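So the structure is just underneath, and the comments pick up after that.
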Amino acid sequence: MCIDHSTQNTCIELTQNIRLSLIPEISNLFFDRKAPKDKPLASQTQASYEAPSLSDLLCLLLTNRQPFGPVSLIWPGLYIGDESTARDKGLLADLGITHVVNCADGPHRINTGAQFYSDMSISYCGVEASDHPQFDLSQYFCSTASFIKAALTQNGKVLVHCAMGVSRSGALVLAFLMMCENLTLTDAIIAVRLNRDICPNSGFLEQLRTLDNNLKR
1 MCIDHSTQNT CIELTQNIRL SLIPEISNLF FDRKAPKDKP LASQTQASYE APSLSDLLCL
61 LLTNRQPFGP VSLIWPGLYI GDESTARDKG LLADLGITHV VNCADGPHRI NTGAQFYSDM
121 SISYCGVEAS DHPQFDLSQY FCSTASFIKA ALTQNGKVLV HCAMGVSRSG ALVLAFLMMC
181 ENLTLTDAII AVRLNRDICP NSGFLEQLRT LDNNLKR
């Protein structure tokens, strides 16, 4: 469970109040890449938005894959990494990490827990998730999004990790971008893949599709 607690309606309020963050803005201000101004995002042009199909999402995720390292900065102050990164206290200190989200918490997975970071100024959020299509990861969408948003609001730096930094951590970061930065699922995938190849399993993608369709934009 997360060590930092937020109010019950934090995610709902964040989703309603935070302005739309568009990929061109991200490209110019953070990634230093320019997007064509004459090609608006689908979320801007469709009156009634519908999430892409699972096959379309997989195509987006699996096309032009690139090698990546153990940890990647994918959003200002937000990193996705693997187990080795989460256990490397020297690296965490060098990166200035203040918050850790372990998406594979538990005695039979990555059993670090808050105690592992007790000698560091790190707030910990543990998610006992299995990387299986039948696992309901959506039950953690709101709590982890609130934890990440609160950390970034305080100018903290967040590491979201699982075993490989590909499926569970990727899915929860996508949910955060959708709920707290008001990106569509497609836009969130594009933003993350600028710096890291992620690939949530098919069950997680279906849960993200449901979230995408349910969010009011």
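Residues in the sequence shown are numbered consecutively from 1, following the UniProt record's numbering. All C-beta atoms in this analysis are idealised placements derived from N, C-alpha and C, irrespective of residue type, glycine included. Quick caveat: nothing in here was measured; it's all calculated off a predicted structure.
In the DSSP assignment, what residue or residues form a beta bridge with E128?
According to DSSP, which records beta bridges pairwise, E128 is partnered with A104.
Just to confirm, are I198 and V166 a CB contact at a threshold of 7 Å?
Going by C-beta atoms, I198 is nearer than 7 Å to V166.
In whole angstroms, what is the alpha-carbon distance linking P70 and H132?
Looking at the two C-alpha atoms, the distance is approximately 22 Å.
Is G156 closer than 7 Å to T98 when the C-beta atoms are compared?
A contact, by the Cβ cut-off of 7 Å.
Relative to the C-alpha of Y140, which candidate in M120, E181, A175, I110 has its C-alpha closest?
When each option's Cα is compared against that of Y140, the closest is A175.
For the alpha helix (DSSP H) that I80 lies in, which residues bound it at each end?
Not the alpha helix (DSSP H): I80 falls in the beta strand (DSSP E), residues 78 to 81.
Let me see if you follow: with CB-CB separation under 7 Å, is G113 close to chain D or not?
Here there is only one protein chain, and chain D is not present.
Counting only the same chain and skipping the five closest in sequence on each side, list residues whose C-beta sits under 7 Å from that of D212.
Cβ within range, chain order: A51, M178, T184, L185.
Determine the DSSP secondary structure at L152, reduced to helix, strand or coil.
In this structure, L152 counts as helix in the three-state DSSP scheme.
Report the CB separation of L152 from Q207 in whole angstroms; it is logged as a contact under 8 Å.
The Cβ separation is near 23 Å, so there is no contact.
Okay, do the stretch 87 to 101 and the stretch 117 to 129 touch, 3+ Cβ pairs below 8 Å being the bar?
Touching, yes.
What do you get for S143, buried or exposed, if any count of 16 or more other CB atoms within 10 angstroms of its CB means buried?
Its Cβ being crowded by 16 or more others within 10 Å, S143 is buried.
Please name the residue or residues paired with L60 in a DSSP beta bridge.
None; L60 has no bridge partner.
I need the straight-line Cα distance from L91 to R168, nearest angstrom please.
Their Cα atoms are separated by approximately 22 Å.
Here's the rule: buried if 16 or more other CB atoms are within 10 angstroms of the residue's CB, otherwise exposed. What is S146?
Buried.
Let me make sure I understand the geometry here. Which of L194, N195, D187, R193 has the alpha-carbon closest to that of R209?
Looking at the Cα atoms, D187 is the closest of the given residues.
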